[in-house]
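K.L.:
As you go down the protein sequences, you meet chains A and B in turn. Numbering follows my numbering, in which position 184 of the first sequence is assigned residue number 184; successive positions increment by one, without gaps. Numbering follows my numbering, in which position 135 of the second sequence is assigned residue number 135; successive positions increment by one, without gaps. We put the CB at the ideal spot given by N, CA and C, even for glycine. Quick one: the structure is below, and I'll ask about it shortly.
Number of protein chains: 2
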Amino acid sequence: MRTAFTSDITGAVVDSLEGTADPRLREVLGALVRHLHEFVRETELTMAEWESAIGFLTATGQTCTDTRQEFILLSDVLGVSMLVETLGADRGVTGGTGATESTVLGPFHLTKSPVRELGADIDLVGGGEPCVVSGRVRSADGTPLPGAVLDVWQANAEGYYDVQQPGVQPPGNGRGLFTADAEGRFWFRTCVPSPYPIPTDGPVGDLLRTTGRHPYRPAHIHFIVSAEGHAPVTTHIFVAGGDHLDSDAVFAVKESLVQEFAESDDPSLAREFGVPNPFRHAHFDLVLNAEPS
Amino acid sequence: MRTAFTSDITGAVVDSLEGTADPRLREVLGALVRHLHEFVRETELTMAEWESAIGFLTATGQTCTDTRQEFILLSDVLGVSMLVETLGADRGVTGGTGATESTVLGPFHLTKSPVRELGADIDLVGGGEPCVVSGRVRSADGTPLPGAVLDVWQANAEGYYDVQQPGVQPPGNGRGLFTADAEGRFWFRTCVPSPYPIPTDGPVGDLLRTTGRHPYRPAHIHFIVSAEGHAPVTTHIFVAGGDHLDSDAVFAVKESLVQEFAESDDPSLAREFGVPNPFRHAHFDLVLNAEPS
């Protein structure tokens, strides 16, 4: 139990958590207290700096709305989101050996993606460079995964998600929920994504400016891929050759996730996808690990 | 510079802070990133737990208003506020050797205390047990500090601050800004403070319930004491013999800050203070360290 007049405040706080019913929560909170206190001790954080931190965290919470998640953004720019995702993948909880590597969810998976047919165009507005994205969902052992579900979302050609531009973009623009065919194949049309800045008009933008960092993310399309009996993977596909691949504002780039969006000059394939020839085409497999049975 | 496709995400994030113009901010943010990442690694924090944390932090920010500061409360119940205050005092930044020990500011120093004359009653409503608080502000070497300023605030007899009960308590109830007399003396009337629970209807209350902790603070009066040429002290005076002195929800009790509110049976002193005899009386010195000249 915590004692009065303690000189070991860290121990007193950790002891005060003894009554936590959930042992995992007790472990996590105890570790949080130890690491937070160690941060304060190491930096000899001053009261004025602590007040700045309180103000920053409060503003971050108050910037959140139904369509904006500034705390996820903060976690992203501090590399915490990517670390949690990567450690999870390393444990085989998501992804794992053989599977497509995972990366951050990001703050814009806020609405349900509309169910779309294979081949549909998720760019409801146009204006970007049209392209086709296709491939196969398979298990790490090569088995195709018919009926795999692909939740796909991306920003428009100007770098904004639908939820950031209500009234400008129709809801569901850049989003689609696809089901792979009987051979695990998927294909859809969209525009080639562009690099874009994360929102900089809130506290996280202030943080980036103060630390001399740019807010850009390299061009990418988000995926959450799931299939029965397999661990789902949250990831992006990045556009090869694009800007900021070496300085992603949220540290989410992994080499295996960079894919060519090459020009395809194949009239019969263009006809098959329903696009004018030639067209930009990204083609890759998405690979899931079987869950332990 | 951060490199692409890094396996050392912590190093990459710390490196990304290289452009921070303020070297102290660069140091503090770098340490924050290292300790946050170490917390995630040690606990192998899962994505679901991270999502809970994001939700908790968001709710904490959104619970803050002009009259409520849930992030300070969170910092308080995790012992962070007390640690920052204590380390600052140990460095002689506030308080220091010889001075009255410091303790947390707490979340209710939100409004300006009204200027009051020495001897005034800060209990504008009545209802509690009346008492007199008096003493002297002096330098650590014993010199009285005439003109020292005492910012005083406390909860009412039911355990609520004025800002928590707009319309019930008049603004400024339980608060006063006093100036010590030519001999450094101060005295004012109030009610004997009661133990009270910190607000439990927000995320911090949820945290206390989940961890099996009670929300009570032992009875206390807040002070910020300042005088020219001296380091100010933020502190409380706790009522000796009261409940929860050994389990303050915010870990703020220090033995030297516990004072008797003893019954005084002294008709001439009662007359001097303008209170009925006998009366409860706390009498103590508040001691400041001279700033290095």
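#1: Going by CA-CA distance only, name the one from A:Leu32, A:Gly19 and A:Asp266 that's closest to valine 40 of chain B.
#2: Can you give me the start and stop residues for the alpha helix (DSSP H) that threonine 210 of chain B sits inside?
#3: Please confirm whether histidine 236 of chain A has its beta-carbon closer than 8 Å to some beta-carbon of chain B.
#4: Count the other CB atoms, across all protein chains shown, that sit within 10 Å of the CB of lysine 254 of chain A; report buried if there are 16 or more and exposed otherwise.
#5: Apart from the five residues just before and just after arginine 2 of chain B, which ones in its own chain have a Cβ nearer than 7 Å to its Cβ?
#6: Could you tell me whether the segment 202 to 213 of chain B touches the segment 222 to 240 of chain B, using the rule of 3 or more Cβ pairs below 8 Å?
#7: At the level of alpha carbons, what is the spacing between glycine 96 of chain B and glutamate 85 of chain A?
#8: Using a Cβ-Cβ distance under 8 Å, would histidine 37 of chain A count as near chain B?
#9: Expressed to the nearest angstrom, what Euclidean distance is found between the alpha-carbon atoms of glycine 212 of chain A and glutamate 18 of chain B?
#10: How big is the Cα-Cα spacing for isoleucine 72 of chain A and phenylalanine 284 of chain B?
#11: Kindly list, in the order they appear in chain B, the residues whose Cβ is closer than 7 Å to that of glutamine 164 of chain A.
#12: To the nearest angstrom, how far is the alpha carbon of valine 250 of chain B from that of glycine 79 of chain B?
#13: Using a C-beta to C-beta distance shorter than 7 Å, which residues of chain B count as neighbours of glycine 19 of chain A?
#14: Step through the CB atoms of chain A and report whether any lies within less than 8 Å of the CB of arginine 41 of chain B.
#15: Against tryptophan 50 of chain A, what residues of chain E qualify as contacts under a CB-to-CB distance less than 8 Å, listed in chain order?
#16: Using a cut-off of 9 Å between C-beta atoms, extract the partners of phenylalanine 71 of chain A located in chain B.
#17: Please compile the residues from chain B whose C-beta is within a distance smaller than 8 Å of the C-beta of alanine 31 of chain A.
#18: Where does isoleucine 294 of chain A fall in DSSP's three states?
#19: Quick one: Cα of alanine 282 of chain A to Cα of alanine 252 of chain A, how far?
#20: State the start and end residues of the unbroken beta strand (DSSP E) segment that holds aspartate 285 of chain B.
#21: What residues of chain B sit near leucine 87 of chain A, judged by a beta carbon separation below 9 Å?
#22: Since histidine 236 of chain B and histidine 222 of chain B are thought to touch, with beta carbons under 8 Å apart, how far apart are those beta carbons, to the nearest angstrom?
#23: Report the residue ranges of all beta strand (DSSP E) runs contained in full by the segment 88 to 128 of chain A; include only those spanning at least 3 residues, in chain order.
#24: Aspartate 8 of chain B to serine 247 of chain A, Cα distance in whole Å?
#25: Report yes if the C-beta distance between glycine 30 of chain B and aspartate 76 of chain B is below 8 Å; otherwise report no.
#26: What residue range does the alpha helix (DSSP H) around serine 16 of chain B cover?
#27: Taking the alpha-carbon positions, what's the histidine 244 of chain A to serine 194 of chain A distance?
#28: Just to confirm my understanding: we take proline 203 of chain B, look at its own chain, exclude 5 residues before and 5 after, and list those with CB closer than 7 Å. What are they?
#29: Let me see if you follow: with CB-CB separation under 8 Å, is glycine 96 of chain A close to chain B or not?
#30: What are the start and end residues of the beta strand (DSSP E) that includes valine 132 of chain A?
#31: Runs of 4 residues minimum, wholly inside the segment 192 to 267 of chain B: which ones carry the alpha helix (DSSP H) assignment?
#32: Contact defined as beta carbons within less than 8 Å: I believe leucine 134 of chain B pairs with phenylalanine 186 of chain B. What is the distance between those atoms, to the nearest angstrom?
#33: Would you give the residue range spanned by the beta strand (DSSP E) that valine 149 of chain B belongs to?
#34: On the DSSP bridge assignment, give the partners of glutamine 169 of chain A in chain order.
#35: So, is the C-beta of valine 225 of chain A closer than 8 Å to a C-beta in chain B?
#36: When we look at the beta-carbon of tryptophan 50 of chain B and count the other beta-carbons within 10 Å, is it buried (16 or more) or exposed?
P.N.:
If we stick to the structure as given:
#1: A:Leu32
#2: 203 to 210
#3: no
#4: buried
#5: Here arginine 2 of chain B scores only 41 on pLDDT, less than 50, and its place in the model should not be relied on; the value that follows carries that caveat. Excluding sequence neighbours, arginine 2 of chain B sits near Ala12, Asp15 and Ser16.
#6: no
#7: Residue confidence is low: glycine 96 of chain B scores 49 on pLDDT, short of 50, so the model does not pin down where it sits. Its coordinate-derived value is still stated next. Whole-angstrom Cα-Cα distance: 45 Å.
#8: yes
#9: 8 Å
#10: 49 Å
#11: Under the 7 Å cutoff, chain B gives no residues; its nearest Cβ is about 18 Å from glutamine 164 of chain A.
#12: 6 Å
#13: Thr211, Gly212 and Arg213
#14: yes
#15: In summary, chain E is missing from the structure at hand, where the protein chains are A and B.
#16: Ala53, Ile54, Gly55, Leu57, Thr58 and Gly61
#17: Phe39, Glu42 and Thr43
#18: Lying before the first or after the last residue shown, residue 294 of chain A is absent from chain A, which here runs from 1 to 293.
#19: 20 Å
#20: 279 to 288
#21: Val40, Arg41, Glu44, Leu45 and Thr46
#22: 5 Å
#23: none
#24: 14 Å
#25: no
#26: 9 to 16
#27: 11 Å
#28: Phe56, Ala59, Thr60, Thr63 and Glu70
#29: Annotation note: pLDDT 49 at glycine 96 of chain A (below 50); position unreliable, coordinate value reported separately. Not one chain B Cβ lies under 8 Å of glycine 96 of chain A.
#30: 130 to 139
#31: 203 to 210
#32: The question names leucine, yet the displayed sequence has serine at residue 134 of chain B. Right, their Cβ atoms sit about 7 Å apart.
#33: 149 to 153
#34: A:Pro166
#35: no
#36: buried
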